[in-house]
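Asks: Before we start, here is the structure in question, set down as structure tokens.
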Amino acid sequence: MSEPINHSDAALLMALQLGKIQAGFLGQTAHELRSPMSHIMSLQQLILTDLCEDPAEEREFIAQCYAASQKFMQLLDLVVDVSKLDYGATKPKSTPFDVMGMMAELESIWGVKAKNRNLNLQFPTVPENFALAMVGDRQRIYQFFMTLINTTINETPTGDIIFHYEQPEGDRLAFQLRCQCDHNFWQDTRVKDLEIKAKPTLQELQAAAEAFEFSPALKWQLCTKLITTLGGQIKQDYSSEGVIQVTGWLPLENKK
70 MSEPINHSDA ALLMALQLGK IQAGFLGQTA HELRSPMSHI MSLQQLILTD LCEDPAEERE
130 FIAQCYAASQ KFMQLLDLVV DVSKLDYGAT KPKSTPFDVM GMMAELESIW GVKAKNRNLN
190 LQFPTVPENF ALAMVGDRQR IYQFFMTLIN TTINETPTGD IIFHYEQPEG DRLAFQLRCQ
250 CDHNFWQDTR VKDLEIKAKP TLQELQAAAE AFEFSPALKW QLCTKLITTL GGQIKQDYSS
310 EGVIQVTGWL PLENKK
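Add 69 to a position in the sequence shown, counting from 1, and you land on the number used in my numbering.
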């Protein structure tokens with residue numbers, strides 16, 4: 070009969086498991102950042118080898134290289150910010166803000182993008198006089214919902230995307246995001262191929278720069294880390310009918 074695990078062994082086992090998770094996250098992040106970095110280097114190579122036809126085209130290529138570098142830095146900054154929160158180097162802010170105003174902003178911005186992709190993004194209808202305040206880090210809470218909704222819009226092929234948040238019971242704000250897909254895209258680790266040909270057009274370069282994104286699986290890891298540091302939880306479910314459902318909650322006052 071095996072001996073029971075003592076507290077020291079349990080703590081060591083948990084630390085080893087956490088280390089494996091963090092190593093996997095770091096490895097996946099580094100892998101996915103290679104693609105935009107290679108794209109930037111390819112653009113620079115085109116300029117250095119004098120493949121531009123005239124100074125005007127060279128300036129355009131330099132502008133595209135700069136735009137690609139900015140997008141790369143945005144991705145890197147997101148990882149750095151979430152990682153600092155994760156290991157306690159920075160703390161979430163704790164200031165009061167209007168939840169309804171934030172939700173209206175999300176609906177206005179991402180509703181347009183969904184419509185442009187022939188998708189129907191639905192937010193709950195709330196009474197005009199309904200107010201809900203939260204004490205927390207508005208910027209990072211907005212970043213969390215933005216990443217969640219934007220990724221869902223990017224990956225959902227057709228139909229409705231239903232985002233619902235409930236009038237809180239106690240000290241929590243519960244939310245749910247539902248869509249339909251032939252697979253659970255939150256488990257996808259693929260990244261888009263950003264390789265450029267020998268003499269690309271400016272339109273092809275712009276399209277490649279706009280495609281700079283982390284994989285859905287890595288975004289899920291970022292969202293999970295972010296909401297955990299904000300004091301909440303999130304989980305995903307995929308049904309046999311092809312319905313992806315994300316559920317979670319945030320505290321109305323982050324006491325972490």
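No residue lacks a Cβ here, since even glycine has one placed at the ideal position from N, Cα and C.
Please report how far the alpha carbon of residue 188 lies from the alpha carbon of residue 226, in whole angstroms.
Replies: Roughly 8 angstroms between the two C-alpha positions.
Asks: Measuring alpha carbon to alpha carbon, tell me which of 128, 203, 193 ends up nearest residue 163.
Replies: Considering only alpha carbons, the answer is 203.
Asks: Under a Cβ-count criterion, where at least 16 other Cβ atoms within 10 Å of its own Cβ denotes burial, should residue 206 be classed as buried or exposed?
Replies: With 16 or more Cβ atoms within 10 Å of its Cβ, residue 206 is classed as buried.
Asks: Looking at the structure shown, is residue 121 part of a helix, part of a strand, or coil, going by DSSP?
Replies: Looking at residue 121 - three-state DSSP - the assignment turns out to be coil, as it is neither helix nor strand.
Asks: Does the Cβ of residue 196 have 16 or more other Cβ atoms within 10 Å, making it buried, or fewer, making it exposed?
Replies: When all chains shown are included, residue 196 counts as exposed.
Asks: Reducing DSSP to helix, strand and coil, say where residue 307 ends up.
Replies: The answer is strand: DSSP assigns residue 307 an E or B state.
Asks: For the beta strand (DSSP E) containing residue 164, list its first residue and its last residue.
Replies: Where residue 164 is concerned, the enclosing beta strand (DSSP E) stretches over 164-167.
Asks: Pick helix, strand or coil for residue 250, following the three-state DSSP scheme.
Replies: Three-state result, residue 250: coil.
Asks: Considering only C-alpha positions, which residue in the set 179, 104, 143, 200 is nearest to residue 219?
Replies: With distances taken between Cα atoms, residue 219 lies closest to 179.
Asks: Using a Cβ-Cβ cutoff of less than 6 angstroms, which residues in the same chain neighbour residue 235 once the five nearest sequence positions on both sides are dropped?
Replies: These residues qualify, in order along the chain: 243.
Asks: If we count the other Cβ atoms within 10 Å of its Cβ and call it buried at 16 or more, is residue 159 buried or exposed?
Replies: Under this definition residue 159 is an exposed residue.
Asks: In the DSSP assignment, the alpha helix (DSSP H) including residue 289 goes from what residue to what residue?
Replies: Residues 285-298.
Asks: Can you give me the Cβ contacts of residue 70 inside the same chain, cut-off strictly under 7 angstroms, excluding the 5 residues immediately before and after it?
Replies: Only weak support is given to the placement of residue 70: the predicted model assigns it a pLDDT of 46, under 50, and the value that follows is read from those uncertain coordinates. Nothing listed; no residue qualifies.
Asks: Would DSSP call residue 320 helix, strand or coil?
Replies: In the structure shown, residue 320 sits in a strand (DSSP, three-state: E or B).
Asks: Near residue 151, what residues of its chain come up, given a Cβ to Cβ distance below 7 angstroms and the 5 sequence neighbours on each side ignored?
Replies: Only 291, 294, 295 meet the Cβ criterion.
Asks: Between which two residues does the alpha helix (DSSP H) carrying residue 256 extend?
Replies: Here residue 256 belongs to no alpha helix (DSSP H), and DSSP marks it neither H nor E.
Asks: Taking the alpha-carbon positions, what's the residue 183 to residue 116 distance?
Replies: Between residue 183 and residue 116, the C-alpha separation is close to 37 angstroms.
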